[in-house]
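Just below is one structure, and these are the notes that go with it.
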Amino acid sequence: MQYYFVSQKEGKFQLTKEDYHHVKNVMRLKENDHLVCVYDQKKYLCAIHYIKDSYWLETLNEMEPTKELPLQIELYQALIKNDKMDWVIQKVTEIGVSKIIPMTCKRCIVKIEENKQETKRIRYQKIIKEACEQSHRSIMPIISEFINLKDIQLEKNTLGLVAYEEEIQKKDWTLIIQPKLYQKIAIVIGPEGGFEKEEIELLKNKGFHCISLGSRILRSETAAIYACSVLAHHLEYQKEE
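Structure (structure tokens):
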């Protein structure tokens with residue numbers, strides 16, 4: 074069943090122009106066909122009705138929301154090449170991340186001028202919306218404003234982790250995740266060239282724990298997907314227990 078995030082006007086759900094085109098001309102939904110509409114973090118089963126060149130959505134009933142992770146995951150992702158950055162944002166949204174913060178640091182190859190950052194954020198938000206619809210999430214992750222690594226602040230009740238390829242201790246870092254002690258997990262992923270040691274020291278001083286993602290050196294985009302997948306699986310497994 075097709076799944077769309079909608080707005081509301083005069084008490085009625087509204088599709089975006091792009092989504093309406095998709096419903097009518099791509100999916101070719103017919104009169105009274107059903108689709109799922111998400112509004113204000115709630116899911117509704119709706120039927121579509123056509124009126125000449127327009128439509129209206131009939132709400133049939135409210136549905137059970139898709140369950141989110143018991144702890145929020147915030148990803149600080151160093152800027153990487155466009156297609157790879159898009160791919161990371163898409164996949165971590167599907168995995169269940171709640172917030173994505175594009176980050177600059179010393180070894181970032183990609184530089185995005187300040188006057189172009191908002192355009193990028195709009196593009197990222199579109200990727201997030203489509204990934205949420207594909208994965209049937211009820212809550213869209215936030216795409217934050219761009220930040221420099223030195224300006225990161227670890228919030229209260231947040232467990233801070235930074236993936237570091239030179240971390241000596243190859244232990245199971247999921248053991249330090251205690252849902253009763255934290256409300257969020259912030260994970261920091263570096264660029265293609267990795268972090269400089271002074272950046273790692275800066276993050277440690279801010280309360281972040283260095284973790285190893287194994288004995289192999291991972292690409293930045295692989296590290297992001299791997300770390301978020303491990304976190305999501307661990308949190309859901311703990312919740313079931």
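Here the working numbering = 1-based position in the sequence shown + 73. In this text, a Cβ means the ideal position worked out from N, Cα and C, and glycines have one as well.
Taking the alpha helix (DSSP H) that residue i belongs to, which residues open and close that run?
| i | result |
| --- | --- |
| Leu102 | No alpha helix (DSSP H) holds Leu102; DSSP gives it neither H nor E. |
| Tyr93 | 90 to 94 |
| Gln198 | 187 to 208 |
| Trp160 | 155 to 168 |
| Leu275 | 270 to 278 |
How many angstroms separate the CA atom of residue i from the CA atom of residue j?
| i | j | result |
| --- | --- | --- |
| Lys257 | Gln145 | 5 Å |
| Ile200 | Pro175 | 14 Å |
| His107 | Lys179 | 50 Å |
| Gln81 | Thr166 | 24 Å |
| Leu142 | Ala300 | 15 Å |
| Ala296 | Gln163 | 14 Å |
| Ile298 | Cys110 | 28 Å |
| Gly267 | Tyr76 | 38 Å |
| Leu304 | Thr247 | 7 Å |
| Gly169 | Ile290 | 24 Å |
| Gln207 | Glu269 | 37 Å |
| Ile250 | Thr231 | 10 Å |
| Asp156 | Gly287 | 25 Å |
| Ile124 | Cys205 | 29 Å |
| Lys90 | Met74 | 19 Å |
State yes or no: is the C-beta of residue i within less than 8 Å of the C-beta of residue j?
| i | j | result |
| --- | --- | --- |
| Lys172 | Ile185 | no |
| Tyr117 | Thr139 | no |
| Val183 | Leu152 | yes |
| Ile262 | Gln150 | yes |
| Asn316 | His122 | Not covered by the structure: residue 316. The range shown for the chain is 74 to 314. |
| Ala236 | Ile284 | yes |
| Tyr112 | Val161 | no |
| Pro264 | Ser293 | yes |
| Pro252 | Gln311 | yes |
What's the call for residue i, buried or exposed, on a 16-neighbour Cβ count within 10 Å?
| i | result |
| --- | --- |
| Tyr197 | buried |
| Met158 | buried |
| Asp92 | buried |
| Ile225 | buried |
| Leu254 | exposed |
| Trp129 | exposed |
| Glu274 | exposed |
| Arg210 | buried |
| Ile260 | buried |
| Val96 | buried |
| Glu239 | exposed |
| His30 | Here the chain covers residues 74 to 314 and nothing more, so residue 30 does not appear. |
| Glu272 | buried |
| Glu187 | exposed |
At which residues does the beta strand (DSSP E) containing residue i begin and terminate?
| i | result |
| --- | --- |
| Lys257 | 257 to 262 |
| Val235 | 231 to 236 |
| Met74 | First-last for Met74: undefined, no H or E at that position. |
| Glu135 | 127 to 136 |
| Ser80 | 80 to 82 |
| Lys116 | 115 to 124 |
| Cys283 | 282 to 284 |
Using 8 Å for Cβ pairs, my map puts residue i next to residue j. What's the rounded Cβ distance?
| i | j | result |
| --- | --- | --- |
| His282 | Leu227 | In fact, because the Cβ distance is near 10 Å, the residues do not count as touching under 8 Å. |
| Ile212 | Gln87 | Not really, about 19 Å apart at Cβ, beyond 8 Å. |
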